[in-house]
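Trainee:
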Amino acid sequence: MKDLLKRYQTVAVVSSCVAIPLVLWVVSNSGRDRVHAPERPVLMAMGKIQSGNDYLTGNASNFWTHYVDLIHTEDENESLRKENSRLREENIGLQGILQQNARLTRLVGFKQQRPIYQLTPARVVAADMSPYFRVLRLRIEAETDDIKPEMPVVSADGVVGRIERVAGRYCDVMLAVDPRSKIDIMTQLNRSRGILSGVGADGSYDAKISYLLRRDEVEEGEIVVTSGRAGTFPKELPIGRIKSVDTKSFGLYQTVTVEPVVDFSRLEEVYIITGTAEASAIAGR
Numbered sequence: 001m002k003d004l005l006k007r008y009q010t011v012a013v014v015s016s017c018v019a020i021p022l023v024l025w026v027v028s029n030s031g032r033d034r035v036h037a038p039e040r041p042v043l044m045a046m047g048k049i050q051s052g053n054d055y056l057t058g059n060a061s062n063f064w065t066h067y068v069d070l071i072h073t074e075d076e077n078e079s080l081r082k083e084n085s086r087l088r089e090e091n092i093g094l095q096g097i098l099q100q101n102a103r104l105t106r107l108v109g110f111k112q113q114r115p116i117y118q119l120t121p122a123r124v125v126a127a128d129m130s131p132y133f134r135v136l137r138l139r140i141e142a143e144t145d146d147i148k149p150e151m152p153v154v155s156a157d158g159v160v161g162r163i164e165r166v167a168g169r170y171c172d173v174m175l176a177v178d179p180r181s182k183i184d185i186m187t188q189l190n191r192s193r194g195i196l197s198g199v200g201a202d203g204s205y206d207a208k209i210s211y212l213l214r215r216d217e218v219e220e221g222e223i224v225v226t227s228g229r230a231g232t233f234p235k236e237l238p239i240g241r242i243k244s245v246d247t248k249s250f251g252l253y254q255t256v257t258v259e260p261v262v263d264f265s266r267l268e269e270v271y272i273i274t275g276t277a278e279a280s281a282i283a284g285r
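If you count by the numbering used here, then the sequence shown holds residues 1 to 285, one letter each, in order.
(1) Within a Cβ cutoff of 7 Å, which residues of the same chain sit near Ile-223, ignoring the five residues on either side of it in sequence?
(2) Between the stretch 211–230 and the stretch 181–195, do at least 3 Cβ pairs fall closer than 8 Å?
(3) Let me check understanding here. Comparing Cα to Cα, which of Asp-178, Tyr-253 and Glu-150 lies closest to Ser-192?
(4) To the nearest angstrom, report how far apart Leu-98 and Val-125 are at their CA atoms.
(5) Assign Arg-191 to one of three DSSP states: helix, strand, or coil.
(6) CA-CA distance, Glu-74 and Arg-162?
(7) Looking at the unbroken beta strand (DSSP E) that takes in Ser-244, where does it start and where does it end?
(8) How far does the beta strand (DSSP E) with Lys-208 in it extend, from its first residue to its last?
(9) Going by DSSP in three states, Leu-80 sits in which element: helix, strand or coil?
(10) Distance, Cα to Cα, Thr-274 vs Val-159?
(11) By the 10 Å Cβ neighbour count, where 16 or more other Cβ atoms means buried, how is Leu-80 classified, buried or exposed?
(12) The beta strand (DSSP E) that contains Pro-260, what's its start and end?
(13) I'd like to know whether the C-beta atoms of Gly-198 and Arg-139 end up nearer to each other than 8 Å.
(14) Can you look up Thr-73 in the DSSP assignment and give me helix, strand or coil?
(15) Which partner residues of Pro-152 appear in the DSSP bridge assignment?
(16) Comparing the CB of Arg-180 with every heavy atom of the ligand FAD, is any distance shorter than 7 Å?
(17) Just to confirm, is the Cβ distance from Val-314 to Ala-207 under 8 Å?
(18) Apply the 10 Å Cβ neighbour rule to Ser-155 and answer buried if 16 or more other Cβ atoms are within range, or exposed otherwise.
(19) Could you check whether Leu-196 and Phe-264 sit closer than 8 Å to each other, using their CB atoms as the reference points?
(20) Mind checking who Arg-114 pairs with in its DSSP beta bridge?
(21) Could you check the C-alpha separation between Ser-153 and Lys-82 for me, to the nearest Å?
(22) Quick check: what's the CA-CA separation for Leu-212 versus Pro-260?
(23) Nearest to Ser-130 by alpha carbon, out of Asp-216, Arg-180, Glu-268 and Gly-231?
(24) Among Ser-249, Arg-114, Met-151 and Pro-121, which one has its Cα closest to the Cα of Val-270?
(25) What's the call for Phe-233, buried or exposed, on a 16-neighbour Cβ count within 10 Å?
(26) Roughly how far, in whole angstroms, is the beta-carbon of Arg-214 from the beta-carbon of Gly-251, given that I think they are within contact range, below 8 Å?
(27) Using a Cβ-Cβ cutoff of less than 7 Å, which residues in the same chain neighbour Gly-287 once the five nearest sequence positions on both sides are dropped?
(28) Using the Cα positions of Arg-88 and Asn-77, report the straight-line distance between them to the nearest angstrom.
(29) Between which two residues does the beta strand (DSSP E) containing Asp-157 stretch?
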C-alpha cells in the first residue's frame, strides 16, 4: 500500500510540474480583456500589496511635504515676528520723538510769548512725591552759576514751583502743591486774592487757597494766577484751576480747592526764571 501511494505521489508531482507551466502559458497567451480563474487570486493579492505600497508611499511623501512646509512657515513666522517687533520699537521711538518735539515747541512758545524773562532750561531726573514732600530734582541744561534758591520754575503750562537747593548742575524744586509752599495768588476773573499751598493728600496734587474772603466771588473752573507780590513769582503766571468752592455760613474765609494746571506726573522739561530783561538792564547800568 505504501509502495502504491509513493508511486501515485511521484506521478502527481511530475504531472503538476508539467501542467502548471502549460496552464500559465495558455493564460498568458489568451485574450487580455478577461481575467481567468487562475489569475484572479494572484491579481487580487498583487493589487492589495500595490495599494498598500502606494498608500504608504503617498503618506510618506505628504508627511515630508507638510513637514518641510511647516519648517518654512515657522521660519517665515519668526521673521515676521522680528519685523513686527522692530516696527513697534521704531513706532514707539517716533512717538516719543514727536511728543518731545511737541513739548519743546510749547516751551519755545512760552519763551517767545514772554521775552522779558531770562530762562534757563532744565530736565526732570527724579521726583519725591510723598504726601508732605513734593520735590523734583532737575538737571540744569546750560553751564551757568546763576541758579539760586527761591528762583521760580515754570513749564509751558504754568507754575511748577521754586528752587529749594542747588548742587552744581543739579537742583531740587519744591512744587507749588507742596504743603510747605506758600504762593500769593489771585483769581483771574474777579482778582480775588489768597495764599495757595498743597493739601498733602496721597494720590492727589490738589492745593487749597487760604485767606480767601467769603465775600469774594469765585467760580469753579476759574483760573488762578500768581499775583506778582512777595517777589518770588512774576505776575499772571497760571498756577491752577478752581475745582470746588465751599462757602460756609459763618467765618471770614471760604474753602477753595485748586487743581494744578501742570501735570506733575508727566513733567519732563522746565524753565528756571533767573531774572528779567528789565532787571538785567538796570544791573548793567
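All C-beta atoms in this analysis are idealised placements derived from N, C-alpha and C, irrespective of residue type, glycine included.
Mentor: Looking at the atomic coordinates:
(1) Counting only Cβ-Cβ distances below 7 Å, and skipping sequence neighbours, we find Gln-188, Pro-238 and Arg-241.
(2) Touching, per the Cβ criterion.
(3) Scanning Asp-178, Tyr-253 and Glu-150 for the CA closest to the CA of Ser-192 turns up Tyr-253.
(4) Annotation note: pLDDT 44 at Leu-98 (below 50); position unreliable, no value reported.
(5) Reduced to three states, the DSSP call for Arg-191 is coil.
(6) In this structure, the alpha-carbon of Glu-74 lies about 58 Å from that of Arg-162.
(7) 238–246 is the extent of the beta strand (DSSP E) around Ser-244.
(8) First-last of the beta strand (DSSP E) with Lys-208: 207–210.
(9) The answer is helix: DSSP assigns Leu-80 an H, G or I state.
(10) Their backbone Cα atoms lie some 14 Å apart in a straight line.
(11) By the C-beta density criterion, Leu-80 is exposed, having fewer than 16 other C-beta atoms within 10 angstroms.
(12) Run containing Pro-260: 255–260, per the beta strand (DSSP E) assignment.
(13) No, the pair does not count as a contact, with Cβ atoms beyond the cut-off.
(14) The answer is helix: DSSP assigns Thr-73 an H, G or I state.
(15) Paired residue(s): Arg-162.
(16) In the structure on display, the ligand FAD does not appear, and there are no ligands present to speak of.
(17) For the chain, the structure presents residues 1 to 285; residue 314 sits outside this window and is missing.
(18) Ser-155 should be labelled buried.
(19) Cβ distance not < 8 Å, so Phe-264 and Leu-196 don't count as in contact.
(20) Answer by DSSP bridge pairing: none, since Arg-114 is not bridged.
(21) One detail in the question is off: residue 153 reads as Val in this sequence, not Ser. About 44 Å.
(22) When rounded, the distance between both Cα atoms is 18 Å.
(23) For Ser-130, the nearest C-alpha among the options comes from Arg-180.
(24) Nearest option by C-alpha distance: Pro-121.
(25) Result: buried.
(26) About 7 Å; that satisfies the 8 Å criterion.
(27) The structure shown does not extend to residue 287, since the chain spans only 1 to 285, so no value can be given for it.
(28) For Arg-88 and Asn-77, the distance between alpha carbons rounds to 16 Å.
(29) Note, Asp-157: premise wrong, no beta strand (DSSP E); not H, not E.
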